[in-house]
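As structure tokens, the structure follows; a few thoughts come after it.
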Amino acid sequence: MPSSCPICEQPISPTGAHCTVCGFPTALAIEGLRSIEGSAVSGSTEPVHPVATTRPTTPPSAEAELAARISRDLRTKMALVHELGRTFPDATSELCQAALHEAEGREGEALETLRSAQARMGRDIDELLEQRIRSTNERREALQQMGVRFSLGPAWKTVAEELSQGHPDEVARQLLEAERKVAQFESDWKGIQGLLAQIEGLRSEASELGLPLGEVGAELEGIRDRLDAPNLTEESLDEVAQAAAQTLMLLHEAIPNSLEEELQRHAVTLDRFPEEHVPSAVARRLHVEASRHLRKGRLPEAVQSVRELRRQIETIEHEDDQATPAPLSPSSEGLRETEAETLDRLLKKARTLAARVRTLPPDSETAREAAIEIRTATELLRTRELTEADQTLARLMRMLAAEGVKE
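This is the structure:
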């Protein structure tokens with residue numbers, strides 16, 4: 001039993017009727033490759049040795065040699081197609097058919113089948129390479145129209161000439177390298193545009209709120225100048241992408257600090273009003289939403305919530321401009337309180353708020369956040385950080401008021 005197929009040279013199963021790769025009958029392979037036969041004497045105790053059978057050797061005919069060369073060329077072409085990531089064109093069926101003809105002694109028909117397959121494979125491969133070359137050039141031109149100007153190397157200029165001179169192997173190598181470069185540029189450019197879009201969006205929203213952004217504007221202009229440079233390389237695009245990512249990080253550092261400071265100022269304003277003050281209910285809800293977005297790093301949503309919160313607070317202050325503000329909470333009299341009195345008051349507030357937190361749906365996001373605030377306030381009270389504990393409990397009160405939680 002031969003160990004490999006005579007057509008595709010792949011391992012074959014001892015029990016299989018056909019090669020699992022090309023479908024060639026294994027029975028013909030057995031007949032073609034068997035050169036030694038053995039015989040055994042029935043009932044003999046002597047060692048059995050194979051007896052070589054002498055057969056006249058005849059040199060292969062010219063047609064058989066030519067068929068073998070064409071078969072090797074077809075297998076080379078199929079390997080080239082596989083390297084290009086395709087399964088078509090393919091000549092497996094013609095190779096099998098030619099092998100059957102040759103096994104039956106019809107060498108002329110086998111040669112004609114192989115010649116036909118060789119010509120067809122040559123045309124199909126040329127068409128495939130031409131199509132891929134056109135596609136690569138179109139993708140490069142599309143990138144150039146978007147401002148990405150780069151070179152595929154001097155060898156790419158002669159790729160069409162190489163193909164016309166019958167060098168598909170060299171053309172395929174150059175094509176795969178060019179496709180890799182174009183795909184890398186496409187990916188890098190898409191990533192950079194995504195980063196720039198995030199930067200522009202955050203910068204615009206932050207500017208509308210009047211938030212300080214430091215050197216972000218100058219960094220952004222520098223990135224755009226580098227993208228306008230001719231003959232970009234993979235290394236230069238990677239450097240631009242790193243610069244854009246760093247600029248986005250600067251925004252993610254500057255904006256939260258500014259928003260946090262503003263939310264603290266709005267919290268002081270909202271604390272002037274009692275929980276039953278209806279006009280401030282919407283503002284409290286927006287304050288909770290903005291704080292939640294900020295904690296989770298959702299900066300665009302946080303900026304939008306702060307913008308709406310500003311408008312709502314302006315409306316409340318305008319409506320209550322002539323009204324007497326509600327009495328301040330006991331915490332405003334902290335200067336006249338002793339530390340023990342302040343601690344006792346905050347402990348009572350913490351117990352009251354903890355009871356209200358237990359009325360929340362246990363799986364809700366508000367319940368999880370409220371539990372965190374309670375734990376934070378308790379730890380602050382334990383370490384006698386009363387001012388921070390008071391601020392934490394006030395923040396929790398606004399959260400519960402925005403959710404409409406009642407005692």
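Quick note on our numbering: the sequence shown kicks off at 1 and runs consecutively. Where is the CB? At the ideal position from N, CA and C, for every residue including glycine.
DSSP state of Pro274 mapped onto helix, strand, coil: Residue numbering aside, residue 274 sits at position 274 when the sequence shown is read from its first letter. If DSSP states are grouped into helix, strand and coil, Pro274 belongs with coil.
Continuous alpha helix (DSSP H) assignments of at least 4 residues falling wholly in the stretch 108–167: 159–164
DSSP three-state assignment for Ser93, whether helix, strand or coil: Indexing the sequence shown from 1 puts residue 93 at position 93. Three-state result, Ser93: helix.
Beta carbon of Leu393 nearer than 8 Å to that of Leu353: Locating residue 393 in the sequence shown gives position 393, counting from the first residue. Locating residue 353 in the sequence shown gives position 353, counting from the first residue. Yes, Cβ-Cβ distance for Leu393 and Leu353 is below 8 Å.
Neighbour-count burial assignment, Ala68, 16 or more Cβ in a 10 Å radius: In the sequence shown, counting from the first residue as 1, residue 68 sits at position 68. Ala68 should be labelled exposed.
Residues near Thr54 by beta carbon distance below 6 Å, same chain, minus five either side: Here residue 54 is taken as the residue at index 54 of the sequence shown, counted from 1. Because the pLDDT of Thr54 is 47, which lies under 50, any placement of that residue in the model is unreliable, and the question is left without a value.
Collapsed DSSP secondary structure at Ser236 in the structure displayed: By one-based count along the sequence shown, residue 236 stands at place 236. Ser236: helix per DSSP, three-state reduction.
Sheet register partners of Ser4 (DSSP bridge): Start at 1 with the first residue of the sequence shown, and residue 4 comes out as number 4. In the DSSP output, where bridge partners are listed per residue, Ser4 has Pro11.
Endpoints, the alpha helix (DSSP H) within which Pro300 is located: Position 300 of the sequence shown, counting from 1, holds the residue named residue 300. That run of the alpha helix (DSSP H) goes Leu299 to Glu319.
Outcome for Lys348 when other beta-carbon atoms lying within 10 angstroms are tallied against a minimum of 16: Your numbering for residue 348 matches position 348 in the sequence shown. Classification for Lys348: exposed.
Simplified DSSP state of Gly222, which is helix, strand or coil: Numbered from its first residue, the sequence shown carries residue 222 at position 222. Correct three-state label for Gly222: helix.
Endpoints, alpha helix (DSSP H) assigned at Pro428: This structure cannot settle anything about residue 428, because the visible part of the chain is limited to 1 through 407.
Local Cβ density within 10 Å of Asp344, reported as buried at 16 or more and exposed below that: Position 344 of the sequence shown, counting from 1, holds the residue named residue 344. With fewer than 16 Cβ atoms within 10 Å of its Cβ, Asp344 is classed as exposed.
Straight-line Cα distance separating Arg298 from Ala355: Within the sequence shown, numbered from 1, the residue matching residue 355 stands at position 355. Within the sequence shown, numbered from 1, the residue matching residue 298 stands at position 298. Their backbone Cα atoms lie some 30 Å apart in a straight line.
Within 8 Å, strictly: CB atoms of Leu129 and Leu163: Counting from one through the sequence shown, the residue named residue 129 turns up at place 129. Counting from one through the sequence shown, the residue named residue 163 turns up at place 163. Yes, the pair counts as a contact, with Cβ atoms nearer than the cut-off.
Own chain residues within Cβ distance below 8 Å of Leu381, not counting five before or after: Indexing the sequence shown from 1 puts residue 381 at position 381. So the list reads Leu343, Leu346, Leu347, Ala350 and Ala389, once near-sequence residues are dropped.
Range covered by the alpha helix (DSSP H) that runs through Thr376: Along the sequence shown, read from residue 1 onward, the residue named residue 376 stands at position 376. Its alpha helix (DSSP H) spans residues Glu365 to Arg382.
Under 8 Å between C-beta atoms of Leu220 and Ile199: Counted from its first residue, the sequence shown places residue 220 at position 220. Counted from its first residue, the sequence shown places residue 199 at position 199. Their beta carbons are under 8 Å apart, which means Leu220 touches Ile199 by this criterion.
Proximity below 8 Å, CB of Val216 to CB of Leu250: Here residue 216 refers to the residue found at position 216 when the sequence shown is read from its first residue. Here residue 250 refers to the residue found at position 250 when the sequence shown is read from its first residue. It is a contact, given that the beta carbons lie within the stated cut-off.
Residue interval of the alpha helix (DSSP H) (run including Arg69): Along the sequence shown, one-based indexing puts residue 69 at 69. Here the alpha helix (DSSP H) through Arg69 covers Ala62 to Glu83.
Neighbourhood of Ala110 by C-beta, 7 Å cutoff - its chain only, sequence neighbours within 5 removed: Taking the sequence shown and counting its residues from 1, the one referred to as residue 110 is at position 110. Contacts found: Ala67, Ala98, His101 and Glu102.
Minimum C-alpha distance to Ser116 - residue among Arg132, Leu95 and Phe273: Taking the first residue of the sequence shown as 1, we reach residue 116 at position 116. It is Leu95 whose Cα lies nearest to the Cα of Ser116.
Between the CA atoms of Thr359 and Val282 - distance to the nearest angstrom: For the purposes of this step, residue 282 is identified with residue 282 of the sequence shown, where counting begins at 1. For the purposes of this step, residue 359 is identified with residue 359 of the sequence shown, where counting begins at 1. C-alpha separation (whole angstroms): 21 Å.
Rounded separation between Ala62 and Glu141 - CA only: Start at 1 with the first residue of the sequence shown, and residue 62 comes out as number 62. Start at 1 with the first residue of the sequence shown, and residue 141 comes out as number 141. Near 51 Å, if we compare the C-alpha coordinates of Glu141 and Ala62.
Rounded C-alpha distance that separates Ile255 from His167: Here residue 255 refers to the residue found at position 255 when the sequence shown is read from its first residue. Here residue 167 refers to the residue found at position 167 when the sequence shown is read from its first residue. Their Cα atoms are separated by approximately 59 Å.
For Asp169 and Leu80, believed in contact at Cβ under 8 Å, the rounded distance: Indexing the sequence shown from 1 puts residue 80 at position 80. Indexing the sequence shown from 1 puts residue 169 at position 169. About 6 Å separates the two Cβ atoms, so the contact holds.
At least 3 beta-carbon pairs within less than 8 Å: the stretch 286–297 vs the stretch 187–195: no
Nearest-angstrom Cα separation, counted from Arg307 out to Ala267: Numbered from its first residue, the sequence shown carries residue 267 at position 267. Numbered from its first residue, the sequence shown carries residue 307 at position 307. Each residue's Cα considered, the two are about 15 Å apart.
C-beta contact flag for Glu104 and Thr136 at 8 Å: Position 104 of the sequence shown, counted from the first residue, corresponds to residue 104. Position 136 of the sequence shown, counted from the first residue, corresponds to residue 136. No. Outside cutoff.
Same chain only: Cβ atoms within 8 Å of Ser3, ignoring 5 sequence neighbours per side: Taking the first residue of the sequence shown as position 1, residue 3 is located at position 3. The answer, listed in chain order, is Pro11 and Ile12.
Within 8 Å, strictly: CB atoms of Gln118 and Asp90: Numbered from 1 along the sequence shown, position 118 holds the residue referred to as residue 118. Numbered from 1 along the sequence shown, position 90 holds the residue referred to as residue 90. Not closer than 8 Å, so no.
Asp228 (DSSP reduced to helix, strand or coil): Taking the first residue of the sequence shown as position 1, residue 228 is located at position 228. Reduced to three states, the DSSP call for Asp228 is coil.
Sub-8 Å separation of Lys77 and Ile133 beta-carbons: Taking the sequence shown and counting its residues from 1, the one referred to as residue 77 is at position 77. Taking the sequence shown and counting its residues from 1, the one referred to as residue 133 is at position 133. No, the Cβ-Cβ distance between Lys77 and Ile133 is not below 8 Å.
Neighbourhood of Gln174 by C-beta distance below 7 Å, restricted to the same chain and skipping five residues each side: In the sequence shown, the residue the question calls residue 174 occupies position 174. Only Ala155, Trp156 and Val159 meet the Cβ criterion.
Option in Leu270, Glu9 and Ala377 with minimal Cα separation from Glu314: In the sequence shown, counting from the first residue as 1, residue 314 sits at position 314. Closest by alpha carbon: Leu270.
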